[in-house]
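Participant:
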Amino acid sequence: MSAGGGKKAILAALSANLGIAIAKFIGAAITGSGSMLAEGVHSVADTGNQGLLLLGQKRAEQEADALHPFGYGRNRYFYSFVVALVLFSLGSMFSIYEGIHKVQHPEELTSPIVAITILVLAIALEGYSFVTAMRESAPLRGNSSWWRFIRNSRNPELPVVLLEDTGALIGLVLALGAILLTIVTGDPVWDGIGTLGIGALLGIIAVVLIVEMKSLLIGEGATPDQDRAIRENLVDGSRIDRVIHLRTEYLGPDELLVAAKVSIVPGLEIKDIAAAIDEAEGRVRTAVPIARVMYIEPDLYRTQPV
């Protein structure tokens with residue numbers, strides 16, 4: 001996913017969440033619904049999160065310098081990690097607090113039809129954002145499920161948007177169900193229970209994002225398919241006969257560091273070794289275009305690599 005490709009999904013989510021947040025707060029003020037208020041705070045958090053993702057993409061575009069010789073690509077991972085923290089603290093914790101308050105001190109809903117109308121509209125807008133994110137991720141997902149894509153992707157923005165939109169849709173259904181149960185039973189405690197459910201849902205999503213973004217921040221290597229392609233293209237069978245060892249690490253979503261020690265056929269002259277290394281780099285970059293930074297060390301194969 002290029003920054004431009006992910007930006008479309010981010011902007012769709014930002015515009016949808018901003019409109020939804022305004023509508024939810026109006027609905028919460030009119031109805032007094034705790035679950036509606038929790039959803040409003042959730043949408044504010046999501047709107048801020050989209051802004052953070054855009055900021056991360058902008059910061060990642062900075063040129064490499066002496067302090068950061070490999071560039072600033074990991075800014076996208078850092079800001080996605082901040083998004084997960086915001087979702088946990090502002091979204092989940094507030095919803096749980098509000099839910100506990102509403103369960104302990106239930107309040108009657110006023111104009112519940114207003115809340116239902118707003119929630120149905122919000123579901124439609126979130127659905128648009130979710131479909132946009134799914135469409136944007138389709139080229140990267142291939143035949144993989146969206147959950148496997150979230151777990152294995154080295155690109156942070158689309159998994160974040162997909163999880164946020166999924167949580168938002170489920171949260172809206174929970175809020176709608178809580179309000180309907182309150183109307184049917186006449187017991188406003190259901191509104192508080194719905195709010196608690198939204199808080200728990202956001203907490204789970206935030207923890208998943210925190211775990212995934214932490215892994216990316218620490219540094220993840222090439223995917224199995226990329227690793228296999230790199231190994232196959234390092235070897236030419238005539239001058240480079242094997243890969244002694246290989247280390248890879250993502251410097252950012254669009255840049256992969258490749259460090260390899262390769263076995264050179266004995267007896268080659270220096271110019272032939274240099275040509276073999278240059279050609280190997282070209283083959284790898286053709287097979288894995290994001291392998292932009294490469295360090296290949298020629299050596300002779302030994303039983304115990306050094």
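Numbering of the sequence shown is given in UniProt numbering, commencing with residue 1 and proceeding in unit increments.
Where is the CB? At the ideal position from N, CA and C, for every residue including glycine.
In the DSSP assignment, what residue or residues form a beta bridge with Glu255?
Facilitator: The partner list for Glu255 (beta bridge, DSSP) reads Gly252.
Participant: At 4 residues or longer, what runs of the alpha helix (DSSP H) sit wholly inside the segment 150-218?
Facilitator: You should have 157-185, 189-218.
Participant: What are the boundary residues of the alpha helix (DSSP H) that includes Met36?
Facilitator: Counting along the chain, the alpha helix (DSSP H) containing Met36 begins and ends at 34-60.
Participant: Within the continuous beta strand (DSSP E) that includes Tyr295, where are the two ends?
Facilitator: Element bounds for Tyr295: 293-299.
Participant: Using a 10 Å radius around the Cβ and a threshold of 16 neighbouring Cβ atoms, would you call Ile10 buried or exposed?
Facilitator: Buried, since its Cβ has 16 or more Cβ neighbours within 10 Å.
Participant: Apart from the five residues on each side of it in sequence, which residues of its chain come closer than 8 Å, Cβ to Cβ, to Leu140?
Facilitator: Result list for Leu140: Met1, Phe149, Ser153, Asn155, Leu158, in chain order.
Participant: Run through DSSP, which three-state label would Ile290 get?
Facilitator: Reduced to three states, the DSSP call for Ile290 is coil.
Participant: On the premise that Val284 lies in contact with Val258, defined as a C-beta separation below 8 Å, what is that separation, rounded to the nearest angstrom?
Facilitator: Confirmed, about 7 Å.
Participant: Counting C-beta neighbours from all protein chains within 10 Å, is the total for Pro112 16 or more, i.e. buried, or is it exposed?
Facilitator: It is buried - the Cβ of Pro112 has at least 16 other Cβ atoms within 10 Å.
Participant: Thinking C-beta only, is Glu255 closer than 8 Å to Gly73?
Facilitator: In this structure, Glu255 lies closer than 8 Å to Gly73 by Cβ.
Participant: Quick one: is Arg74 near chain C, going by C-beta distance under 8 Å?
Facilitator: No chain C is part of this structure, which consists of one protein chain only.
Participant: Using only CA atoms, which one of Ile264, Ser89, Glu164, Gly91 lies nearest to Asp241?
Facilitator: For Asp241, the nearest C-alpha among the options comes from Ile264.
Participant: In the DSSP assignment, find the unbroken alpha helix (DSSP H) run with Thr132 in it and report its ends.
Facilitator: Segment 112-141, the alpha helix (DSSP H) holding Thr132.
Participant: In the DSSP assignment, find the alpha helix (DSSP H) that holds Arg231 and state where it starts and stops.
Facilitator: Element bounds for Arg231: 224-234.
Participant: What do you reckon, are the CB atoms on Val243 and Pro298 nearer than 8 Å?
Facilitator: Contact flag unset, no.
Participant: According to DSSP, is Leu246 helix, strand or coil?
Facilitator: In the structure shown, Leu246 sits in a strand (DSSP, three-state: E or B).
Participant: Compute the Euclidean distance between the alpha carbons of Arg116 and Leu176, then round it to the nearest angstrom.
Facilitator: Per the sequence shown, residue 116 should be read as Ile rather than Arg. Roughly 6 Å between the two C-alpha positions.
Participant: Check Ala64 in the structure and name its three-state DSSP category.
Facilitator: Of the three classes helix, strand and coil, the one that applies to Ala64 here is coil, per DSSP.
Participant: Given this structure, state the Cα-to-Cα distance separating Lys7 from Gly56, to the nearest angstrom.
Facilitator: One C-alpha to the other measures close to 11 Å.
Participant: For Asn49, which residues from the same chain have a beta carbon less than 8 Å from its beta carbon, with the 5 sequence-adjacent residues on both sides left out?
Facilitator: So the list reads Val83, Val86, Leu87, Val160, Glu164, once near-sequence residues are dropped.
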